[in-house]
Each structure stands twice: as structure tokens, then as C-alpha cells.
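Report on one structure; see the data block that follows.
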Amino acid sequence: MTVMTAAAIEDFLDEIFPQRTGTIEGVDEMRATMSLAIEDEHLRPGASVSGPTLMGLADVCLYVAILAQIGPEPMAVTSDLHCRFLRRPRGDRDVIANARILKLGRRLAVGEVQLFSDGDERPVALVTATYALPDSD
Numbered sequence: 019m020t021v022m023t024a025a026a027i028e029d030f031l032d033e034i035f036p037q038r039t040g041t042i043e044g045v046d047e048m049r050a051t052m053s054l055a056i057e058d059e060h061l062r063p064g065a066s067v068s069g070p071t072l073m074g075l076a077d078v079c080l081y082v083a084i085l086a087q088i089g090p091e092p093m094a095v096t097s098d099l100h101c102r103f104l105r106r107p108r109g110d111r112d113v114i115a116n117a118r119i120l121k122l123g124r125r126l127a128v129g130e131v132q133l134f135s136d137g138d139e140r141p142v143a144l145v146t147a148t149y150a151l152p153d154s155d
């Protein structure tokens, strides 16, 4: 069961993490979807979306999925992140991130994020990440 809506998470992130990238499209049980409108600053030579842009969006998207489950927690932090680049992300399309929490424990959350060029069902990258969760005491 989610404890925060997408709108509540946007408001929370506006306060504690205003420099984040992407727009929350939705949250659900153990899942979140975000999009990023690609601008020139997101591109590398060859009109491809840069790796740091993809990893940043994936990181935020998994954080959003976690917040939807545990509530507003600014100190849930990334402790591990692996990115596999699968194909060229198109620089003329938005990037869509779909996060799924695989395990949500008391101290750690583990998830994966698939990233897509909008309109293409083939993922451009797969990110797996772990978040360290603060003590609830």
C-alpha cells in the first residue's frame, strides 16, 4: 500500500531536493514512473542522451518508488547503483523510467529501473540500485 501520492512526493522533493530531474508520472504499489523532457544539456555528442542523465533519472525514480512506500524520508540514500547501457537513447525523445522495488526491508531497499526512449518498447538502460534506509527509532 502506498503512503504518499505522486503529488505529495513532488511537494516533498520540491522542498528537500529541488535540483532533481524528471517529472513523476505515477506511483503504485512498489513502483513509480517518471519522465524527463530531453534538452540540449542532456545530450552527448551524436545526439544521444548522456549516461549521467539516465543514471540520475533512474536514481530519482527509485527514490520516488521508495518514498511512496515509506513516506517522507530525506535520509533514504543510494548506497549502490549499477547501470547497464543497452542501446542508444534517442536525443529527440523524452526518457521514461519505470522503477520497481524488489525488496523493501527495515534497513535496505533494492530495486531496478528500466529506461526507455518515449515510444520505443525496447529499454535503453537497466539500472539496479540499493538504498540505505535510516533507523525508524
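So in the numbering used here, spot 18 of the sequence shown is number 36, and the numbers just go up one at a time.
Yeah, the Cβ is synthetic: ideal placement off N, Cα and C, and Gly gets one too.
Let's test the definition: count the other Cβ atoms within 10 Å of the Cβ of residue i and tell me whether it reaches 16, buried, or not, exposed.
{"i": "Val21", "result": "exposed"}
{"i": "Ser66", "result": "buried"}
{"i": "Gly40", "result": "buried"}
{"i": "Asp77", "result": "buried"}
{"i": "Thr96", "result": "exposed"}
{"i": "Ile27", "result": "buried"}
{"i": "Arg62", "result": "exposed"}
{"i": "Thr23", "result": "exposed"}
{"i": "Ile84", "result": "buried"}
{"i": "His100", "result": "exposed"}
{"i": "Met19", "result": "exposed"}
Relative to the C-alpha of residue i, which candidate in the options has its C-alpha closest?
{"i": "Arg106", "options": "Asp77, Gly40, Leu133 and Gly129", "result": "Leu133"}
{"i": "Asp98", "options": "Asp112, Leu80, Val113 and Gly89", "result": "Leu80"}
{"i": "Ala25", "options": "Met48, Met52 and Arg125", "result": "Met52"}
{"i": "Glu139", "options": "Lys121, Asn116 and Pro152", "result": "Asn116"}
{"i": "Arg125", "options": "Arg111, Pro36, Val45 and Tyr149", "result": "Tyr149"}
{"i": "Ile56", "options": "Phe35, Arg111 and Gly137", "result": "Arg111"}
Give me the Cα-Cα distance between residue i and residue j, rounded to the nearest whole angstrom.
{"i": "Phe103", "j": "Gly123", "result": "28 Å"}
{"i": "Asp29", "j": "Ile119", "result": "22 Å"}
{"i": "Val128", "j": "Glu43", "result": "21 Å"}
{"i": "Glu130", "j": "Ile114", "result": "14 Å"}
{"i": "Arg50", "j": "Gly109", "result": "Reading off the sequence shown, one finds Ala at residue 50, where the question assumed Arg. C-alpha separation (whole angstroms): 23 Å."}
{"i": "Thr31", "j": "Val82", "result": "Checking the sequence, you will find Leu at residue 31 rather than Thr. Their Cα atoms are separated by approximately 9 Å."}
{"i": "Ser135", "j": "Pro141", "result": "7 Å"}
{"i": "Met48", "j": "Ala94", "result": "15 Å"}
{"i": "Asp46", "j": "Gly64", "result": "36 Å"}
{"i": "Glu91", "j": "Thr71", "result": "24 Å"}
Checking the sheet assignment: what are the DSSP bridge partners for residue i?
{"i": "Arg49", "result": "Asp46 and Arg118"}
{"i": "Val82", "result": "None; Val82 has no bridge partner."}
{"i": "Leu54", "result": "Val113"}
{"i": "Arg38", "result": "The partner list for Arg38 (beta bridge, DSSP) is empty, contrary to what the question assumes."}
{"i": "His100", "result": "Thr146"}
{"i": "Glu130", "result": "Arg118 and Thr146"}
{"i": "Ser135", "result": "Val113"}
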